[in-house]
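Chains as they are written, first to last, in my numbering: chain A, 2 to 116; chain B, 178 to 292.
For each residue, glycine too, the CB sits at the ideal point set by N, CA and C.
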């Protein structure tokens, strides 16, 4: 597609529920990233995919968070047993490769609210 | 680890005023530096970048110069417009090493320009 698409744009869920957030990167972009932006903060790195594999998941806050990219295109960020502290905007970005000379293209984000 | 510190907002200016948003960083080596902008309801967009010391990035009337001696990358614009109202993020990315795909962001500065 023309840009990075994230769905849903907004998600409200109850504490303890499971949620999935979807990212559709730019066609042909092999590198995909997830970031989390809490209120009043800059985005913080969560996980990086090169192709189908998670090359670096060191930013995932705990084992309730998991992400997949089974066919090297669309990625899903999964959060189990959501907590109020998970409320944030979850950003996805993609780039042609992981070299710094290639810029990221960010999606508009999914605003997750846990009530 | 790497970090970025930018001036806290909000910053409120009148149209045609001069803008400076300060940004300093702490990092090993010589990273690339970026300014991203987030307009209301939209995703992060790259505004400008500089990849080495003394480089000047510029775009849409905005400028920032990579100052290694002061580890700074201050954003400036000579005459702001109402349409510049947005949140501005300073960020860095290592040019080499195992984590050169990762962006480290500041907390963001909200700019409001009044007519």
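{"Asked": "Could you name the residues of the same chain whose beta carbon sits closer than 8 Å to that of residue 71/A, not counting the 5 residues immediately before and after it, in chain order?", "Found": "53"}
{"Asked": "Exposed or buried, residue 254/B, counting other C-beta atoms within 10 Å across all chains shown (16 or more means buried)?", "Found": "buried"}
{"Asked": "Buried or exposed for residue 280/B, please, with buried defined as at least 16 other CB atoms from any protein chain shown within 10 angstroms of its CB.", "Found": "buried"}
{"Asked": "Please decide whether residue 265/B counts as near chain A, where near means a Cβ-Cβ distance under 8 Å.", "Found": "no"}
{"Asked": "Determine the closest residue to residue 11/A out of 62/A, 89/A and 28/A, with distance taken between C-alpha atoms.", "Found": "89/A"}
{"Asked": "Return the first residue and the last residue of the beta strand (DSSP E) that residue 226/B is part of.", "Found": "221-227"}
{"Asked": "By how many angstroms is the C-alpha of residue 237/B removed from the C-alpha of residue 251/B?", "Found": "16 Å"}
{"Asked": "Mapping the DSSP letters down to three states, classify residue 82/A as helix, strand or coil.", "Found": "coil"}
{"Asked": "List, from N- to C-terminal side, the beta strand (DSSP E) runs of 3 residues or more that fit wholly inside the region 40-85 of chain A.", "Found": "45-51, 54-57, 66-69 and 76-80"}
{"Asked": "Might you give, ordered along the chain, the residues of its own chain that have their beta carbon closer than 8 Å to the beta carbon of residue 207/B, omitting 5 neighbours on each side?", "Found": "229, 230, 245 and 272"}
{"Asked": "Closer than 9 Å, Cβ to any Cβ of chain A: which residues of the region 273-286 of chain B, in chain order?", "Found": "273, 275, 276, 277, 278, 279, 280, 281, 282, 283, 284 and 285"}
{"Asked": "Any idea what DSSP makes of residue 28/A, helix, strand or coil?", "Found": "coil"}
{"Asked": "Are the C-beta of residue 92/A and some C-beta of chain D separated by less than 8 Å?", "Found": "Annotation note: the requested chain D is absent from the structure, which comprises protein chains A and B."}
{"Asked": "So is residue 87/A buried or exposed if we call it buried at 16+ other beta carbons inside 10 Å?", "Found": "buried"}
{"Asked": "When the cut-off is 8 Å and only beta carbons count, does residue 206/B lie next to chain A?", "Found": "no"}
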